[in-house]
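For my numbering, add 1 to where a residue sits in the sequence shown, where the first one is 1.
Note that CB positions come from ideal geometry on N, CA and C, so glycine has one too.
The next block holds one structure in the form of structure tokens; read it before the comments.
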Amino acid sequence: KDMLTWTKTTKKVSEIKFTPSVIEPSFGMGRILYSLLEHSFYQREGDEQRIVMKFKPAVAPNKCAVLPISSSPEVNAVVDEIGAELMESDLSTRVDKSTAALGRRYARSDELGVPFAVTVDFDTLKDDSVTVRERDSMVQIRLAKSEVTRLVFDIVHGRTTWEDAAKTHRIVQVSEDGETTDAEGATTVVEGTTRGKFSRPAEKI
Numbered sequence: 002k003d004m005l006t007w008t009k010t011t012k013k014v015s016e017i018k019f020t021p022s023v024i025e026p027s028f029g030m031g032r033i034l035y036s037l038l039e040h041s042f043y044q045r046e047g048d049e050q051r052i053v054m055k056f057k058p059a060v061a062p063n064k065c066a067v068l069p070i071s072s073s074p075e076v077n078a079v080v081d082e083i084g085a086e087l088m089e090s091d092l093s094t095r096v097d098k099s100t101a102a103l104g105r106r107y108a109r110s111d112e113l114g115v116p117f118a119v120t121v122d123f124d125t126l127k128d129d130s131v132t133v134r135e136r137d138s139m140v141q142i143r144l145a146k147s148e149v150t151r152l153v154f155d156i157v158h159g160r161t162t163w164e165d166a167a168k169t170h171r172i173v174q175v176s177e178d179g180e181t182t183d184a185e186g187a188t189t190v191v192e193g194t195t196r197g198k199f200s201r202p203a204e205k206i
């Protein structure tokens with residue numbers, strides 16, 4: 002008590018400087034979404050008209066697109082079947098049955114950020130196989146129709162990667178008229194015998 006003294010005085014203050022210890026910026030959901038869109042946007046090299054939204058599969062609004070090579074009832078029936086299976090597994094799916102060229106429908110899906118596109122072609126009616134195209138690399142693999150939902154589900158949930166899928170499946174190219182050919186540099190090739198078609202390593206062991 003003896004060590005404390007005080008006096009009442011009057012002091013004129015012209016300026017008060019204060020350094021806050023906590024900075025609280027304006028940070029809302031809109032800014033997060035804008036950053037996501039900005040960082041996901043890019044254009045295909047060599048073609049400024051080909052716009053792509055590079056959403057990761059886990060955050061993409063639509064996980065998969067299903068495209069028929071033809072408007073025939075048989076092909077469309079398979080498209081509806083695959084689309085229903087994907088949606089039953091809670092994988093939002095975009096079905097495009099328009100008469101636009103296949104390449105144009107791929108481009109539409111790329112603009113929306115759809116990571117995968119399943120194409121039902123004429124070979125599907127023969128052997129129940131389809132192609133799955135990855136958006137960023139544009140690589141297509143051939144696999145059984147029954148495997149599509151599980152593959153897309155596992156990639157979306159981080160259980161496997163597209164690179165792993167490309168190593169274990171046949172890499173192909175699908176033309177606008179539905180013809181399927183082996184892609185250059187594919188790890189496997191398809192050969193036909195009297196018993197049907199089968200795939201083997203591109204380089205014989």
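- Around the beta carbon of H158, fewer than 16 other beta carbons sit within 10 angstroms, so the residue counts as exposed.
- The DSSP-derived three-state label of M30 is helix.
- In this structure, the CA atom of D122 is about 53 Å from the CA atom of P26.
- For F42, the uninterrupted beta strand (DSSP E) run begins and ends at F42 to Q44, by DSSP.
- For T100, no beta strand (DSSP E) run applies, since DSSP gives it neither H nor E.
- The straight-line gap separating the alpha-carbon atoms of L87 and A61 is approximately 15 Å.
- Only residues of its own chain outside the window of five on either side were considered, and among them E135 and I156 have a CB closer than 7 Å to the CB of W163, listed in chain order.
- Counting only the Cα atoms, L68 lies some 15 Å from L144.
- In the three-state reduction of the DSSP assignment, M4 falls in the coil class, being assigned neither a helical nor a strand state.
- T120 and G47 have their C-alpha atoms spaced approximately 25 Å apart.
- Within its own chain, no residue has a Cβ closer than 8 Å to the Cβ of S73 once the five positions on either side in sequence are excluded.
- Here A108 has R51 as same chain residues with Cβ atoms under 7 Å from its own Cβ, once five neighbours each way along the sequence are excluded.
- Excluding the 5 residues flanking it on each side, F28 has no same chain C-beta neighbour closer than 8 Å.
- The residue among K64, D91, T100 and S93 with its C-alpha nearest the C-alpha of N77 is T100.
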